[in-house]
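*Asks:* The structure follows.
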Amino acid sequence: GAVVSQHPSWVICKSGTSVKIECRSLDFQATTMFWYRQFPKQSLMLMATSNEGSKATYEQGVEKDKFLINHASLTLSTLTVTSAHPEDSSFYICSASLGVQGEQPQHFGDGTRLSIL
Amino acid sequence: AQSVTQLGSHVSVSEGALVLLRCNYSSSVPPYLFWYVQYPNQGLQLLLKYTTGATLVKGINGFEAEFKKSETSFHLTKPSAHMSDAAEYFCAVSKGSSYKLIFGSGTRLLVRP
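Taken in order, these protein sequences are the chains called A and B. First residue of the first sequence? That's 1 in our numbering, and the numbers climb one at a time after it. First residue of the second sequence? That's 118 in our numbering, and the numbers climb one at a time after it.
What follows is the structure in structure tokens.
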């Protein structure tokens with residue numbers, strides 16, 4: 001149980017393109033979804049927290065207009081990287097949580113590797 | 118502020134040997150603690166978690182971890198390493214009503230044949 005699907009797994013596109021990444025909880029309703037960015041050989045950096053039906057909460061230093069997050073339902077959150085540039089190339093990972101309390105573990109998708117040429 | 122320290126960015130063991138991955142945390146309130154494993158080009162998989170109750174927690178794939186409040190540690194162990202255990206391991210902490218995870222920097226486990 002608690003499966004999170006992330007799509008696409010790999011994207012290569014030209015600079016200036018906008019890219020949308022989907023995160024779905026397949027067998028549970030996710031109260032909260034999270035978006036992370038991971039640089040090579042580094043840990044995960046939380047970008048934003050999204051709750052269904054409300055605006056996402058962004059971490060300090062993350063550009064809201066660059067990384068658009070929509071959480072339209074309890075099973076789907078999307079991250080759109082707008083006008084992507086080479087410096088946006090990274091591994092993006094989403095996660096979903098069953099509850100709002102800290103003891104609920106986050107369940108992670110398999111990540112999306114974004115390469116901007 | 119909370120933080121997580123994983124001692125050793127790389128740990129190398131022989132197949133069949135004991136695995137010990139270290140994690141220390143700092144938190145002003147009782148934390149919730151997690152260990153995740155990441156295989157190349159994949160997301161993170163939950164190995165085990167500590168919330169309350171028994172301080173020795175058993176997880177998947179034969180891993181276990183012990184919460185030691187006096188040492189602010191949550192080290193991950195496995196009695197006998199398998200080649201398939203080679204991966205990146207992350208310790209993480211959240212606290213109280215906050216569902217945000219704070220991750221350690223990760224430890225890459227290498228298993229020698």
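Think of the CB as a built atom: it goes at the ideal place given N, C-alpha and C, for glycine as much as any other residue.
When DSSP labels each residue in this structure, what does N158(B) get in the three-state scheme?
*Replies:* Coil at N158(B), not helix or strand.
*Asks:* Three Cβ pairs or more, each shorter than 8 Å: is that satisfied between the stretch 221 to 228 of chain B and the stretch 132 to 149 of chain B?
*Replies:* As far as the Cβ criterion goes, the stretch 221 to 228 of chain B touches the stretch 132 to 149 of chain B, which means the pair count is three or higher.
*Asks:* Please classify P148(B): does DSSP put it in a helix, a strand, or coil?
*Replies:* Of the three classes helix, strand and coil, the one that applies to P148(B) here is strand, per DSSP.
*Asks:* Hey, how far is the Cα of V128(B) from the Cα of N158(B)?
*Replies:* Distance between the alpha carbons of V128(B) and N158(B): 20 Å.
*Asks:* Less than 8 Å between C-beta atoms, sequence neighbours within five positions excluded: which residues of the same chain meet that for Q38(A)?
*Replies:* Excluding sequence neighbours, Q38(A) sits near L44, M45, S90, F91, Y92, I93, G111.
*Asks:* Is it the case that the Cβ atoms of S73(A) and E52(A) are separated by a distance below 8 Å?
*Replies:* Contact flag set, yes.
*Asks:* Which class does S90(A) belong to by DSSP, given the choice of helix, strand or coil?
*Replies:* Three-state DSSP puts S90(A) in a strand.
*Asks:* Flag Q6(A) as yes if its beta-carbon sits less than 8 Å from any beta-carbon of chain B, otherwise no.
*Replies:* Yes, Q6(A) lies at the interface with chain B (some Cβ there is under 8 Å from its Cβ).
*Asks:* Measure the C-alpha to C-alpha separation of H107(A) and V3(A) and round it to an integer number of angstroms.
*Replies:* Each residue's alpha carbon lies about 7 Å from the other.
*Asks:* Within this structure, are the beta carbons of T194(B) and A182(B) separated by less than 8 Å?
*Replies:* In contact: T194(B) and A182(B) (Cβ atoms closer than 8 Å).
*Asks:* Beta-carbon separation of K166(B) and F184(B) under 8 Å?
*Replies:* Their beta carbons are not under 8 Å apart, which means K166(B) does not touch F184(B) by this criterion.
*Asks:* Out of F28(A), T78(A), S97(A), P105(A), state which residue places its alpha-carbon closest to the alpha-carbon of P8(A).
*Replies:* The candidate whose alpha carbon is nearest that of P8(A) is T78(A).
*Asks:* Can the beta-carbon of E205(B) be found closer than 8 Å to that of Q155(B)?
*Replies:* For E205(B) and Q155(B), yes; Cβs fall inside 8 Å.
*Asks:* With a 10 Å radius around its C-beta and 16 neighbouring C-beta atoms as the bar for buried, classify R229(B) as buried or exposed.
*Replies:* Exposed: under 16 other Cβ atoms inside 10 Å.
*Asks:* Exposed or buried, which one is H71(A) when buried takes at least 16 other CB atoms within 10 Å?
*Replies:* Flag for H71(A) reads buried.
*Asks:* Can you pull the DSSP bridge partners for R24(A)?
*Replies:* Bridge partners of R24(A): S5(A), L76(A).
*Asks:* Spell out whether any CB of chain B is found under 8 Å from the CB atom of S90(A).
*Replies:* Output row for S90(A): interface = no.
*Asks:* So which residues of chain A does N158(B) contact, with C-beta pairs closer than 9 Å?
*Replies:* Near N158(B) (Cβ distances below 9 Å), the residues of chain A are S9, W10, F91, D110, G111, R113.
*Asks:* I'd like the span of the beta strand (DSSP E) that includes V13(A), first residue to last.
*Replies:* The sequence given here has Cys at residue 13(A), not Val. Where C13(A) is concerned, the enclosing beta strand (DSSP E) stretches over 10 to 13.
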